[in-house]
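Enquirer: Dumping the structure here so I can ask a few things about it.
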Amino acid sequence: MDSKRSIVDIMGRRYSNRTYLKEKITRDHREIIQGFISGLKAGPLGSTARFTLITDSGEDQESLRELGTYGVIRNAAGFFAGAVKQSGHCFEDYGYLLEKIVIHATGMGLATCWLGGTFSKSGFARGISLAKDEVLPAVVATGYAAPKPGLVDSIMRFGAGSKYRKQWDSLFFSGDMTVPLSQSDVGPYAVPIEMVRRAPSAANKQPWRIVKEPGKNIFHFYMLRTKMYRDGGKMVGIQDLQRVDMGIAMYHFEASAAESKLGGSWTATNPGITTGTADCEYIVTWKGK
Ligand SMILES: Cc1cc2nc3c(=O)[nH]c(=O)nc-3n(C[C@H](O)[C@H](O)[C@H](O)COP(=O)(O)O)c2cc1C
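Numbering (the numbering used here), first residue to last: 1100 to 1388.
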């Protein structure tokens, strides 16, 4: 990653890119990213994870194509895939760590796209030799962006309303979930909060809800489950993607806070705030120093 470039700037430039140039990832980029990946061992909530960059071994991208993205991704030069040990917060930890890789790669000039639905799990599970006690919730396609998005890319972006983000007053609150968070109460955390809002999420559902304790730098993160994902139902596994979304948001919050010299730590102790709906679940708390 370009160390002179601000992380907030990189987060602002990241978007889901589905059409890539037919170019391999340069050896320099591969080495830097592999070094970075190998240093990631555990998420902020304690789950152990490992990641890899899968690139094509032959002259063409046939071997990658076999991994399968149901036609959504064109010409990916590689995929970031990982395996996380099953635990209470493994999906959040996976999201946090893989987004850390995404932002690092974006800073190097690589484009990315998270894939939680449109990828073939079995191919990637083989690629990373998934163990019985591990899960592989999602992968990320990567490579150099083509100058023009393909048709499928445009359709996916339009379908998910990718440009759109919910407004502050429906995502961020003060004290409980009835009072929107005002600019005066958010204090130095305006940027980290905004970086949560800019984060990618599965089908752009933006499940993150944050309640700040008035007058304190304490932020409780909640997940508002999208109804069609509730209880797994027929769409087993998809609700877990919203936990991955929560982990992605945690990384955006923590990394942009660190850039503003705002230290703190994560704890998962439910403050018992009334959420008004059973679909809204407590996930984690940021305690600022
Ligand atoms: C956990 C997760 C899973 C996703 N799964 C897919 C997917 O299967 N296929 C796809 O085309 N996009 C997928 N996306 C990309 C989202 O649609 C995208 O992030 C969202 O529409 C916001 O757009 P942006 O990333 O360009 O800001 C996924 C994103 C996340 C965070």
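Built from N, CA and C at the ideal position, the CB exists for glycine as well. Please read all numbers here as calculations on a predicted model, not as lab measurements.
I'd like to know whether the C-beta atoms of residue 1177 and residue 1163 end up nearer to each other than 9 Å.
Expert: For this step, residue 1177 is matched to residue 78 along the sequence shown. For this step, residue 1163 is matched to residue 64 along the sequence shown. Against a cut-off of 9 Å, the Cβ pair of residue 1163 and residue 1177 comes out as a contact.
Enquirer: Based on Cα-Cα distance, which residue from 1216, 1189, 1273 lies nearest to residue 1391?
Expert: Residue 1391 falls outside the range modelled here, since the chain spans only 1100 to 1388, and no answer is possible.
Enquirer: Beta-carbon within less than 6 Å of residue 1367's beta-carbon, same chain only, minus the 5 sequence neighbours each way: which residues are those?
Expert: As a working mapping, residue 1367 is identified with position 268 in the sequence shown. Within the same chain, residue 1367 has close Cβ partners 1383.
Enquirer: Roughly how many angstroms lie between the CA atoms of residue 1346 and residue 1247, to the nearest whole one?
Expert: Looking up residue 1346 in the sequence shown gives position 247. Looking up residue 1247 in the sequence shown gives position 148. Rounded to whole angstroms, residue 1346 to residue 1247 spans 30 Å at the Cα level.
Enquirer: Who are the Cβ neighbours of residue 1215 in its own chain at under 7 Å, not counting the five residues just before and after it?
Expert: The sequence position of residue 1215 within the sequence shown is 116, counting from 1. For residue 1215, where only same-chain residues beyond five positions count, the Cβ hits under 7 Å are 1236, 1237, 1301, 1340, 1343.
Enquirer: Skipping 5 residues on each side, what residues in its chain have a beta carbon closer than 6 Å to that of residue 1320?
Expert: Numbered from its first residue, the sequence shown carries residue 1320 at position 221. Once the five neighbours on either side are set aside, the close Cβ partners of residue 1320 are 1309, 1382, 1383.
Enquirer: Ends of the alpha helix (DSSP H) at residue 1191?
Expert: The sequence position of residue 1191 within the sequence shown is 92, counting from 1. Segment 1189-1206, the alpha helix (DSSP H) holding residue 1191.
Enquirer: For the segment 1243-1279, which segments carrying the alpha helix (DSSP H) assignment without a break, of at least 4 residues, lie completely within its bounds, in sequence order?
Expert: 1250-1259
Enquirer: Distance, Cα to Cα, residue 1181 vs residue 1119?
Expert: Taking the sequence shown and counting its residues from 1, one reaches residue 1181 at position 82. Taking the sequence shown and counting its residues from 1, one reaches residue 1119 at position 20. Approximately 22 Å, taken between the alpha carbons.
Enquirer: Evaluate residue 1371 with the Cβ neighbour count: other Cβ atoms within 10 Å of its Cβ, from every protein chain shown; 16 or more gives buried, anything less gives exposed.
Expert: Counting from one through the sequence shown, the residue named residue 1371 turns up at place 272. Exposed: under 16 other Cβ atoms inside 10 Å.
Enquirer: Using C-beta distances below 8 Å, list every residue in its chain close to residue 1105, excluding the 5 sequence neighbours before and after it, in chain order.
Expert: For the purposes of this step, residue 1105 is taken as the residue at position 6 of the sequence shown. These residues qualify, in order along the chain: 1358.
Enquirer: Classify residue 1390 as buried or exposed, calling it buried when 16 or more other Cβ atoms lie within 10 Å of its own Cβ.
Expert: No statement about residue 1390 is possible, as the shown extent of the chain runs from 1100 to 1388 and does not include it.
Enquirer: For residue 1217, which residues in the same chain have their Cβ closer than 7 Å to its Cβ, ignoring the five residues on either side in sequence?
Expert: Counting from one through the sequence shown, the residue named residue 1217 turns up at place 118. Sequence-distant partners of residue 1217 (beyond 5 residues in either direction) whose C-beta falls short of 7 Å from its own C-beta, in its chain, are 1168, 1169, 1171.
Enquirer: Using the beta-carbon count (16 or more within 10 Å), is residue 1146 buried or exposed?
Expert: Here the question's residue 1146 lines up with position 47 in the sequence shown. Under this definition residue 1146 is a buried residue.
Enquirer: For the beta strand (DSSP E) containing residue 1289, name the first residue and the last one.
Expert: Working through the sequence shown from its first residue, we reach residue 1289 at position 190. Element bounds for residue 1289: not the beta strand (DSSP E) but the alpha helix (DSSP H), 1289-1296.
Enquirer: What I want to know is whether the C-beta of residue 1243 ends up closer than 8 Å to one or more non-hydrogen atoms of ligand 1.
Expert: Here residue 1243 is taken as the residue at index 144 of the sequence shown, counted from 1. False, no ligand heavy atom lies under 8 Å from that Cβ.
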